[in-house]
Amino acid sequence: MLTGIALKLRYTPQNLHNMKTVVFFTVLAFAVAAVLACNPDGNNQPECTSNNLNVPILIFFTILAIGIVCILSCKPEGSNKPECNDQNVNASVRNFWDPTHYWLCETAGGEAKSVKCPDAQGFDADKGACVPFKEWKWTDPCPPEAKEAKETKEAKEAKETKETKEAKQ
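Under mature numbering (1 follows the signal peptide of the UniProt record, and there is no 0), the letters of the sequence shown match residues -37 to -1, 1 to 132, in that order.
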């Protein structure tokens, strides 16, 4: 069974693009931190006090967290068209807009091609192949573990509340 992050990455074929995004946000965070760095011996630098000493560190981790959240987010409104690279050449990728098509990268750096399944077949992302519609089942393009985690937490809290009430009686 895959973990939550692994499921999200599994449904995110644009990992190379996402890594570029992480690198961009990391460099941006370091640049902002360097600009705001407190240097007590420097001229025209902010005054070093206990209030602003940790601001660059806070900014860095805030920007880094935003970048990670953006990367791990699934975008079901998109078509899921991958950017072709060495890791996804000849790999079938689900098309979020059309269950009778899937994306296929023939060369690294090339454009992903939309491939149509044979008549009366739909693309099964779990199998990575076209299957007859009687075997095909729609699945949520984004993993629902966040929703499940919330429901599990609520069920656990309800159970604890019930047990507490029973213990008092």
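Backbone N, C-alpha and C define an ideal beta-carbon position, used for all residues, glycine too.
Since the structure is predicted, the reported quantities are computational estimates derived from the model, not experimental observations.
Taking residue i and residue j to be in contact with their CB atoms under 8 Å, please state how far apart those CB atoms are, rounded to whole angstroms.
{"i": "A88", "j": "F96", "result": "That pair is no contact at about 15 Å."}
{"i": "G41", "j": "P62", "result": "Not confirmed; about 15 Å, so no contact."}
{"i": "C68", "j": "P81", "result": "Not quite, the Cβ-Cβ distance comes to about 21 Å (not below 8 Å), so this is no contact."}
For residue i, which of helix, strand or coil comes out of DSSP?
{"i": "C47", "result": "coil"}
{"i": "A(-9)", "result": "helix"}
{"i": "C33", "result": "helix"}
{"i": "P95", "result": "strand"}
{"i": "F59", "result": "coil"}
Find out if the Cβ-Cβ distance for the pair residue i, residue j is shorter than 8 Å.
{"i": "A71", "j": "F23", "result": "no"}
{"i": "G30", "j": "F(-13)", "result": "yes"}
{"i": "P45", "j": "V56", "result": "yes"}
So, do the region 44 to 51 and the region 69 to 79 have three or more beta carbon pairs nearer to each other than 8 Å? The region 44 to 51 makes contact with the region 69 to 79; the number of CB pairs closer than 8 Å reaches 3 or more.
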